[in-house]
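Input: a single structure, listed below in structure tokens.
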Amino acid sequence: LISIWAWAASRVLDYALKEAKRGMPLDPARAAVIGHSRLGKTALWDGANDPRFNYVISNDSGCSGAALTRGKSGEDVEAITRVFPHWFCPAYRQFAGKPGDMPFDQHFLLAASAPRHVYVASAAGDSWADPDAEFLSAFAASEIYQRLGITGLVTPDRRPADDCLLTEGTLAYHRRPGLHYLSRTDWQRFMAYVRR
Numbered sequence: 005l006i007s008i009w010a011w012a013a014s015r016v017l018d019y020a021l022k023e024a025k026r027g028m029p030l031d032p033a034r035a036a037v038i039g040h041s042r043l044g045k046t047a048l049w050d051g052a053n054d055p056r057f058n059y060v061i062s063n064d065s066g067c068s069g070a071a072l073t074r075g076k077s078g079e080d081v082e083a084i085t086r087v088f089p090h091w092f093c094p095a096y097r098q099f100a101g102k103p104g105d106m107p108f109d110q111h112f113l114l115a116a117s118a119p120r121h122v123y124v125a126s127a128a129g130d131s132w133a134d135p136d137a138e139f140l141s142a143f144a145a146s147e148i149y150q151r152l153g154i155t156g157l158v159t160p161d162r163r164p165a166d167d168c169l170l171t172e173g174t175l176a177y178h179r180r181p182g183l184h185y186l187s188r189t190d191w192q193r194f195m196a197y198v199r200r
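Under our numbering, read the sequence shown as residues 5 to 200, first letter to last.
Written as structure tokens, this is what we have:
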């Protein structure tokens, strides 16, 4: 279903871009796909597949989203493919309990949107999504941006505070206090990033 939802988001963008040509006040250079939780996974997948989205924003996407699989706490491939098998292709289940066998990790998904903007957001209390694994994935994906000559994630260290805002680069991250939801603070930070 994640691929179907991503496909649907691209069809919405088709319509929006058509309306922009008819005079609707839209800036195609600021086209963004934003999602929370399973739709955060969807936003990342859509960003990897549809280069018209210049901003790819994932909020609390966790396992199979922005969070690294290896060394992750909280939800893992075994749990997510058991509870939500319909979200993924059946072959993904072979990595349940064996994250080291995966030929990739989630920072590859983030890097697939380079050189476009990718913004990963976490909630400090969302242990199921694992905010540390989400941050480390953004940190690892930053290398691809640097290789492209673009500023990736700008961070003072490898373990951010529970309330941080790191939006200087083309790859951005924030962590806010709280649990698993898309907050007003999240939304305001996303919009400020897109408008800068």
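Each residue gets a CB set at the ideal place from its N, CA and C atoms; glycine is no exception.
Report the rounded CA-to-CA distance for A165 versus H178, giving the unit in angstroms.
Going from the Cα of A165 to the Cα of H178 covers about 9 Å.
What's the C-alpha gap between P89 and S126?
Here the alpha carbons of S126 and P89 stand approximately 24 Å from one another.
Over the uninterrupted alpha helix (DSSP H) stretch that includes Y19, give me the two end residues.
Residues I6 to K25.
Is Y185 buried or exposed, if buried means 16 or more other CB atoms sit within 10 Å of its CB?
Counting the other CB atoms within 10 Å of its CB gives Y185 a total below 16, which places it among the exposed residues.
Does the Cβ of Q98 have 16 or more other Cβ atoms within 10 Å, making it buried, or fewer, making it exposed?
Around the beta carbon of Q98, a 10 Å sphere encloses fewer than 16 other beta carbons of the protein chains shown; the residue is thus reported as exposed.
With DSSP run on the structure shown, which of helix, strand or coil describes S77?
Here S77 sits in coil by DSSP.
Residue interval of the beta strand (DSSP E) (run including R180):
Element bounds for R180: L175 to R180.
Counting C-beta neighbours from all protein chains within 10 Å, is the total for P55 16 or more, i.e. buried, or is it exposed?
By the 10 Å Cβ count, P55 comes out exposed.
Rounded C-alpha distance that separates G75 from H40:
Within the model, the alpha-carbon separation for G75 versus H40 is close to 22 Å.
Leaving out the 5 sequence neighbours to the left and right, which residues in its chain are closer than 6 Å to R120 when beta-carbon positions are compared?
Around R120: N58.
Could you give the uninterrupted runs of the alpha helix (DSSP H) lying entirely in the stretch 109-150, keeping only those of 4 residues or more?
Secondary structure in the stretch 109-150: the alpha helix (DSSP H) runs of 4 residues or longer, each lying completely within the stretch, are 110-115 in chain order.
Within its chain, find whatever has a CB closer than 8 Å to the CB of L170; leave out the 5 residues flanking it on each side and keep chain order.
L157, V158, T159, P164, A176, Y177 and H178.
Since A33 and E138 are thought to touch, with beta carbons under 8 Å apart, how far apart are those beta carbons, to the nearest angstrom?
Not a contact, Cβ separation roughly 26 Å.
Is DSSP giving I84 helix, strand or coil here?
In this structure, DSSP gives I84 a helical state, which the three-state scheme calls helix.
Check whether chain C comes within 8 Å of L30, counting only Cβ atoms and requiring the distance to be less than that.
In the structure shown, chain C does not exist; there is a single protein chain.
Return the bridge partner residues of I154 from the DSSP annotation.
Note: I154 sits in no beta bridge, so no partner.
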